[in-house]
Amino acid sequence: MTDLVKLLEDRTEDRGFPELYPGDEVKVHLRIVEGNRERIQIVPGMVIRLRKGGNNKSFTVRRIASHGIGVERTFLYNSPRIEKIEVLRHSKVRRAQLYYMRDRRGKKARLKEVRTVNRNK
Amino acid sequence: MKGIIGRKVGMTQIFTENGDVIPVTVIKAGPCYVTQLRTPENDGYRAVQLGFEELPPRRNGSSRLKQPQQGHLRRKELRDKGIELPDLRVLREFRLTEDEQNGLEEGQTITVDAFEVGDLVDIIGTSKGRGFAGTVKRHNFNRQPKTHGQSDRERAPGSVGASAFPGRTFKGTRMAGRMGNERVTVQNLVVQVVDPEHNLLAVRGSVPGARGGLVLIKAAKKSRQRQK
Chain A
163 MTDLVKLLED RTEDRGFPEL YPGDEVKVHL RIVEGNRERI QIVPGMVIRL RKGGNNKSFT
223 VRRIASHGIG VERTFLYNSP RIEKIEVLRH SKVRRAQLYY MRDRRGKKAR LKEVRTVNRN
283 K
Chain B
198 MKGIIGRKVG MTQIFTENGD VIPVTVIKAG PCYVTQLRTP ENDGYRAVQL GFEELPPRRN
258 GSSRLKQPQQ GHLRRKELRD KGIELPDLRV LREFRLTEDE QNGLEEGQTI TVDAFEVGDL
318 VDIIGTSKGR GFAGTVKRHN FNRQPKTHGQ SDRERAPGSV GASAFPGRTF KGTRMAGRMG
378 NERVTVQNLV VQVVDPEHNL LAVRGSVPGA RGGLVLIKAA KKSRQRQK
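From first to last, the protein sequence lines stand for chains A and B. First residue of the first sequence? That's 163 in our numbering, and the numbers climb one at a time after it. First residue of the second sequence? That's 198 in our numbering, and the numbers climb one at a time after it.
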């Protein structure tokens, strides 16, 4: 029966966003509508959480904003409001949810980069 | 006539063009066969009987239906008109007005095409059975304090009436008992997706019953207005 739900979810077009992994440094290009003006806002940061779930797949991006305040924002992967996702680098991580990054500042908050060729084909 | 029989498939979310997220329930509906037209002359009321879910014959070729149901689906009036109906697991009636009945004929099939995106529908299902449920779950009573010297009374119903006068508990006092597993109608759900290829409908919001449960879908009774 749930295969039928999938049929419906398959109608969501694949917009060729890269596959994300925890620890990725990303830039999310977000479409923002203000009145009748539309602009693109770029949200940079690190992916600290991924949730699967077909159409409801989501990911959380964490960054340190001004005054050292940590800001986390969760996006729906398939949302039409996302224009583009850029992956800047992958990091070496050993868990799926990087909540420990919340307790780290400055140099402690660095993760070792993993360089892979064409990980996202 | 807008009515169809279906089974609840499950829930998911879909996106609108501007990025809003809509929670939807997916229903596999139809194809349904018009198995009988009920008329005031013959039956005393006007309705259409729809059949849903074709049953394949058993391996030895015999029908899975009991003989009365077989007889109904293969009755002489239909045979004379050259109408052959498959074995149908579910038969349900929908009340109609005369106008609505005029366009219908026995043997006709009804599919999700009868509905359009934006239509308002009422959906009837059987709610999930909760068994013997207490007053907190069943009637939304408040819980009693966990502390201040209380013991073992957190979810007790409290008083069910006065003392010597009237000396009894009134009929209809809300108490614990069987909950759920009853017919529930949800009104004015908006059709969000119609997929004739897979016989699927998706409506905004939730629908009573468990996944796989039988649901009846009708045009909304209390609102004529359509929503986009």
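C-beta atoms are modelled at their ideal positions from N, C-alpha and C, and glycine is treated no differently.
DSSP places B/His395 outside both helix and strand once states are collapsed to three, so it counts as coil. Within the same chain, Cβ atoms closer than 6 Å to the Cβ of B/Lys415 are found at Gly200, Asp319, the five residues on either side in sequence being excluded.
Fewer than three beta-carbon pairs drawn from the region 336 to 356 of chain B and the region 308 to 318 of chain B are found closer than 8 Å, and the two stretches are therefore not classed as touching. Secondary structure at B/Leu386: strand, using DSSP grouped into helix, strand and coil.
At the C-beta level, B/Leu252 and B/Arg286 come within 9 Å of one another. Taking 9 Å as the cut-off, the beta carbon of A/Arg264 is found no closer than this to the beta carbon of A/Arg235.
Here B/Arg235 has Tyr242, Arg243, Ala244, Val245, Gln246, Glu290 as same chain residues with Cβ atoms under 8 Å from its own Cβ, once five neighbours each way along the sequence are excluded. Chain B has no Cβ within less than 9 Å of the Cβ of A/Val205. Residues of chain A whose Cβ lies closer than 8 Å to the Cβ of B/Val218 are, in chain order, Leu238, Ser241.
Between A/Gly185 and the set A/Leu212, A/Gly232, A/Leu192, A/Asp176, the nearest pair of CA atoms involves A/Leu212. Bridge partners of A/Thr236 according to DSSP: A/Thr222. The region 252 to 295 of chain B contains, as complete beta strand (DSSP E) runs of 3+ residues, the segments 285 to 292 (chain order). For B/Val333, the uninterrupted alpha helix (DSSP H) run begins and ends at 332 to 336, by DSSP. At least 9 Å separates the beta-carbon of B/Val404 from that of B/Val388. Linking B/Lys418 to B/Leu288 through their CA atoms gives a straight-line distance of about 22 Å.
Under the three-pair Cβ rule at 8 Å, the region 263 to 274 of chain B does not count as touching the region 324 to 341 of chain B. Inclusion of A/Ser253 and A/Val276 in the CB contact set at 9 Å is warranted, their separation being smaller than that value. Chain-order list of chain A residues neighbouring B/Gln210: Asn217, Asn218, by C-beta distance under 7 Å. CA-CA distance, B/Gln305 to B/Val412, rounds to 20 Å.
Secondary structure note for B/Asp319: its beta strand (DSSP E) is the uninterrupted segment 317 to 323.
A/Pro242 is bridged by DSSP to nothing; it lacks a bridge partner. No residue range can be given for B/Glu379, since it is assigned to no beta strand (DSSP E) and is classified by DSSP as neither H nor E.
Under the Cβ distance rule, B/Thr213 counts among the residues neighbouring chain A, one pair being separated by less than 9 Å. Within the same chain, Cβ atoms closer than 8 Å to the Cβ of B/Arg365 are found at Gly358, the five residues on either side in sequence being excluded. In this structure, A/Ile226 sits away from A/Ala258, with a CB-CB distance that is not shorter than 9 Å.
For B/Gly227, the number of other beta carbons within 10 angstroms of its own is at least 16, and it is reported as buried.
Taking each of B/Val223, B/Val231, B/Arg276 in turn and checking the Cα distance to B/Gly300, the smallest one comes out for B/Val231. The residues Arg204, Lys205, in chain order, have a CB closer than 7 Å to that of B/Gly409 in the same chain once the five nearest residues on each side in sequence are set aside. At the C-beta level, B/Thr213 and B/Val223 stay beyond 9 Å of one another.
No Cβ-Cβ contact shorter than 9 Å links B/Gly326 with B/Val383.
The beta carbon of A/Val223 sits no closer than 9 Å to any beta carbon of chain B.
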